[in-house]
Structure formats: structure tokens, C-alpha cells
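Accompanying notes for the structure given below.
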Amino acid sequence: MKKQLYILIVILALVVAAPCPALQQESDVLELVFSPTLSGGFLMPVSTLSDYSTMGGGGELGLELENLFFNRSVIKLCAGYNFVNDTINLVDTFGISSFTLAAGYSIPLAEWLSMVPQVGGGYLGHFLDATDTLAFFDPQMNLGIDFDLG
């Protein structure tokens, strides 16, 4: 299962990266840009996790590096935490932490707005707290679009 997940991450990364050279704007100098990122969102468990929990929410802190490989390339390293509502009486709290590394390409839409399609992967930690604290770590992948202001 892990091998198939890693192959899927590589294929999605190639799909995101394939049109990048055509969209690239010519520049003589690549200026590295480091910036902190902060994002929030909601989480909707699927499959077997939906038997134990419903929707929740959380946030993510990260560091973004732009123009590392070519103009407008984006690498993002993030750590996040989500609280999830539990649906069974045996569980007091249910949280999910994540560590991800994503790659993407920044497409300018306006002078103050850019869109960054990205693909990445990492690990999720599922923490169940009842009489004992249980932790499970699973590989994960993500696919998303960020909108950057500024």
C-alpha cells in the first residue's frame, strides 16, 4: 500500500510540474523567497475514520521557499493539528497531526494575487484519548490550490 501511495504522489507531482516550463516567465536572476505560512481549514473523515468521528477543524504552520529550482517554483514544509468530533463514548478526544512536504508552481493572477497548485505527501498521526492514549501513524498525500495575497 505504501509503495502505491508513493508512486501516486510522484505521478501527481509530474502532472503538476509538466506545464510549469510553458508558464514560466523569463528572468535572468532567481531570487529565493522564504515566507512563513499559516492556514486553517476543516477536516471530513472518510472510510473507517468516519465510523469514529465527524467533521472537525484545525490549522497548519509552515515555511514556503519560492524560486528554488526555477522561477516561480514553490516548496512548502508544514506541520498542522486538527481537532475532530468523536462519535463513540469510548473516546474522550480525537486529534490528527500532520507533517507534509509539498511542491507546486506559482501562477500570477493579478499584481497582488497568485494561485499555487501543489502536490505533496507526509505522515498523519491519529491520537485517540480514552482510558489510554493511542497513536497511529499513516502515510498521506495531499493535492491542493493555495491563493497567495501580496
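Residue numbering for the sequence shown follows my numbering, starting at 92 and increasing by one per position. Glycine is no exception: its CB is placed at the ideal position from the N, C-alpha and C atoms.
Bounding residues of the beta strand (DSSP E) (the contiguous stretch that carries residue i)
i           : result
residue 146 : 144-157
Helix, strand or coil at residue i according to DSSP, with G and I counted as helix
i           : result
residue 126 : strand
residue 205 : strand
residue 197 : coil
residue 239 : strand
Proximity of residue i and residue j at Cβ, strictly below 8 Å
i           : j           : result
residue 236 : residue 208 : yes
residue 228 : residue 214 : yes
residue 163 : residue 126 : no
Cutoff 7 Å; reference residue i; Cβ partners in own chain excluding five residues on either side
i           : result
residue 146 : 133, 134, 135 and 176
residue 173 : 134, 147, 148, 149, 186 and 187
residue 201 : none
residue 238 : 204 and 206
residue 240 : 203 and 204
Buried versus exposed call for residue i [16 or more other C-beta atoms within 10 Å across all chains shown]
i           : result
residue 160 : exposed
residue 191 : buried
residue 171 : buried
residue 194 : buried
residue 157 : buried
residue 205 : buried
Chain-order list of residues whose beta-carbon lies under 6 Å from that of residue i (same chain, five-residue window excluded)
i           : result
residue 113 : Summary for residue 113: the model assigns pLDDT 49, below 50, so the residue's position carries little reliability, and this model does not support an answer.
residue 185 : 144, 175, 177 and 219
residue 131 : 150
residue 128 : 153 and 155
residue 169 : 151, 153 and 191
residue 217 : 187 and 227
residue 199 : 205
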